[in-house]
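Asks:
Chains as they are written, first to last, in full-length UniProt numbering: chain A, 1 to 176; chain B, 1 to 147.
Okay, here's the thing in structure tokens:
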């Protein structure tokens, strides 16, 4: 029960962090290239929120799957664990990329009444390309997550050690 | 964007910031208080985990509303004073999000690997740093909004 709760917590924070970090990097790149103004002008608030919510949902579900078999704890088994997580991250990212584009295309086609044949053709090529891009982003995200997990482990190790030695010194001085 | 939608977007953004800042300041004050250390129920990680759940939900909402705010204001190009300030704010937010993720993973590792009550001083410092970084972000946001 506690493990299930810890798994849900891990999937939630990892998925949301990856999505927020990716959004910020995308925003920075769009702003630095001067493309942000044009992109925002052609995008309404409600469609923007709906697209982000859909991507968030996909990321949360795919991350839950990617972390289901041990999660970030798998990194304790060294490079083998990291490699396993990167592969799962690649697969999860590919799923997110493909499903995201497919969903957006479908809704766009329904709203604009596009012919079914041209939609299927675009979806076939587009979903394959989006899956590759999503997979690469997913694999890179795992490397970033693993780096942060390692930093957190170093911090916890150093701090709990110094806390324990501080308490031991207190007990010793009281004993004298 | 209509005036009502713009107001709603800003409302959610401001409430989100109040929530994460207030929560971080509260956690910092609570975990720094030596009187509650070593008492029954003094394990800081359940409260920290609750904050992290709320924090990341709020960060997601703040990214969307932040982009919505930019859409309402009409972002300039990267050059000029406003454009440079926006670049600076986006860089600081990115660094803050990265640091916050490390803080969250600290909570996760403390819950998994350490006895109840361990790492209290580390959590106090983490939440103090979070509150301080959020103050810097609020100052940057004020300069962006009001010049």
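Each residue gets a CB set at the ideal place from its N, CA and C atoms; glycine is no exception.
Remember, predicted model here, so these are calculated numbers, not experimental data.
1. Got a sec, what are the start and stop residues for the alpha helix (DSSP H) residue 46 of chain B sits in?
2. Can you tell which of A:159, A:145 and A:135 has its C-alpha closest to the C-alpha of residue 17 of chain A?
3. Going along the chain, which unbroken runs of the beta strand (DSSP E) with 3 or more residues stay wholly within the UniProt domain "DUF7965" (8-162) of chain A?
4. On the CB-based measure, 16 or more other CB atoms within 10 Å of its CB, does residue 18 of chain B come out buried or exposed?
5. Would residue 44 of chain B count as contacting chain A if we go by Cβ distances under 8 Å?
6. Hey, could you find the ends of the alpha helix (DSSP H) residue 114 of chain B is sitting in?
7. Going by C-alpha distance, which of A:106, A:36 and A:84 is nearest residue 139 of chain A?
8. Please state whether DSSP places residue 3 of chain A in a helix, a strand or coil.
9. Starting from the Cα of residue 68 of chain B, find the closest Cα among A:61, A:58 and A:48 and give me that residue.
10. If you drop the 5 nearest sequence neighbours on each side, which residues of the same chain put their C-beta closer than 7 Å to that of residue 54 of chain B?
11. Return the first residue and the last residue of the alpha helix (DSSP H) that residue 126 of chain B is part of.
12. To the nearest angstrom, how far is the alpha carbon of residue 60 of chain B from that of residue 34 of chain B?
13. With H, G and I counted as helix, E and B as strand and the rest as coil, what does DSSP make of residue 16 of chain B?
14. What is the rounded straight-line gap between the Cα of residue 3 of chain A and the Cα of residue 12 of chain B?
15. Using 8 Å for Cβ pairs, my map puts residue 214 of chain A next to residue 97 of chain A. What's the rounded Cβ distance?
16. Roughly how far, in whole angstroms, is the beta-carbon of residue 66 of chain A from the beta-carbon of residue 88 of chain A, given that I think they are within contact range, below 8 Å?
17. Compute the distance between the beta-carbons of residue 82 of chain A and residue 10 of chain A, then report whether it is under 8 Å.
18. Would you call the CB atoms of residue 149 of chain A and residue 103 of chain A closer than 8 Å?
19. Just the chain B side, please: which residues come within less than 7 Å of residue 149 of chain A by C-beta, in chain order?
20. Can you find a CB in chain A that lies within less than 8 Å of the CB of residue 157 of chain B?
21. Counting contacts by CB-CB distance shorter than 8 Å, is residue 21 of chain B in contact with chain A?
22. Identify whether residue 42 of chain B lies in helix, strand or coil by the three-state DSSP scheme.
23. Assuming residue 9 of chain B and residue 72 of chain B are in contact, meaning their beta carbons sit under 8 Å apart, how far apart are those beta carbons, in whole angstroms?
Replies: Considering the structure as presented:
1. Position 46 of the second chain, counting from 1, holds the residue named residue 46 of chain B. It spans 45-73 - the alpha helix (DSSP H) in which residue 46 of chain B sits, taken as one unbroken run.
2. Reading the first chain from its first residue, position 17 is the one you call residue 17 of chain A. Taking residue 17 of chain A as reference, the option from A:159, A:145 and A:135 with the minimal CA-CA separation is A:145.
3. Restricting attention to beta strand (DSSP E) runs no shorter than 3 residues, the UniProt domain "DUF7965" (8-162) of chain A encloses none.
4. Taking the first residue of the second chain as 1, we reach residue 18 of chain B at position 18. Burial check for residue 18 of chain B: the Cβ neighbour count within 10 Å stays below 16, so the residue is exposed.
5. By 1-based counting over the second chain, the position of residue 44 of chain B is 44. Cβ-Cβ to chain A under 8 Å: no for residue 44 of chain B.
6. Here residue 114 of chain B refers to the residue found at position 114 of the second chain. It is not in any alpha helix (DSSP H) - residue 114 of chain B carries neither H nor E in the DSSP assignment.
7. Stepping through the first chain from its first residue, residue 139 of chain A is reached at position 139. Ranked by Cα distance from residue 139 of chain A, the first of A:106, A:36 and A:84 is A:84.
8. In the first chain, the residue the question calls residue 3 of chain A occupies position 3. DSSP, read as helix, strand or coil, puts residue 3 of chain A in helix.
9. Residue numbering aside, residue 68 of chain B sits at position 68 when the second chain is read from its first letter. Minimum Cα-Cα distance from residue 68 of chain B among the listed residues A:61, A:58 and A:48 corresponds to A:48.
10. Locating residue 54 of chain B in the second chain gives position 54, where the first residue counts as 1. Within its own chain, the residues whose Cβ lies closer than 7 Å to the Cβ of residue 54 of chain B, once the five positions on either side in sequence are excluded, are 19 and 23, listed in chain order.
11. Residue numbering aside, residue 126 of chain B sits at position 126 when the second chain is read from its first letter. That run of the alpha helix (DSSP H) goes 120-146.
12. Stepping through the second chain from its first residue, residue 60 of chain B is reached at position 60. Stepping through the second chain from its first residue, residue 34 of chain B is reached at position 34. Their Cα atoms are separated by approximately 34 Å.
13. Taking the first residue of the second chain as position 1, residue 16 of chain B is located at position 16. DSSP places residue 16 of chain B within a helical segment (H, G or I) once states are collapsed to three.
14. By 1-based counting over the first chain, the position of residue 3 of chain A is 3. By 1-based counting over the second chain, the position of residue 12 of chain B is 12. CA-to-CA, the gap between residue 3 of chain A and residue 12 of chain B works out to about 33 Å.
15. Residue 214 of chain A is absent from the model: chain A starts at 1 and stops at 176.
16. Position 66 of the first chain, counting from 1, holds the residue named residue 66 of chain A. Position 88 of the first chain, counting from 1, holds the residue named residue 88 of chain A. Under the criterion of beta carbons closer than 8 Å, residue 66 of chain A and residue 88 of chain A qualify as touching, at roughly 4 Å.
17. What you label residue 82 of chain A is simply residue 82 of the first chain in a count that begins at 1. What you label residue 10 of chain A is simply residue 10 of the first chain in a count that begins at 1. No. Outside cutoff.
18. The sequence position of residue 149 of chain A within the first chain is 149, counting from 1. The sequence position of residue 103 of chain A within the first chain is 103, counting from 1. No.
19. Taking the first chain and counting its residues from 1, one reaches residue 149 of chain A at position 149. Chain-ordered, the chain B residues with CB closer than 7 Å to the CB of residue 149 of chain A read 105.
20. No answer is possible for residue 157 of chain B: it lies beyond the span of chain B, which begins at 1 and ends at 147.
21. Here residue 21 of chain B refers to the residue found at position 21 when the second chain is read from its first residue. The beta carbon of residue 21 of chain B sits no closer than 8 Å to any beta carbon of chain A.
22. Along the second chain, one-based indexing puts residue 42 of chain B at 42. Here residue 42 of chain B sits in coil by DSSP.
23. Against the second chain, residue 9 of chain B aligns to sequence position 9. Against the second chain, residue 72 of chain B aligns to sequence position 72. In this structure residue 9 of chain B touches residue 72 of chain B by the C-beta definition: roughly 7 Å separates them, less than 8 Å.
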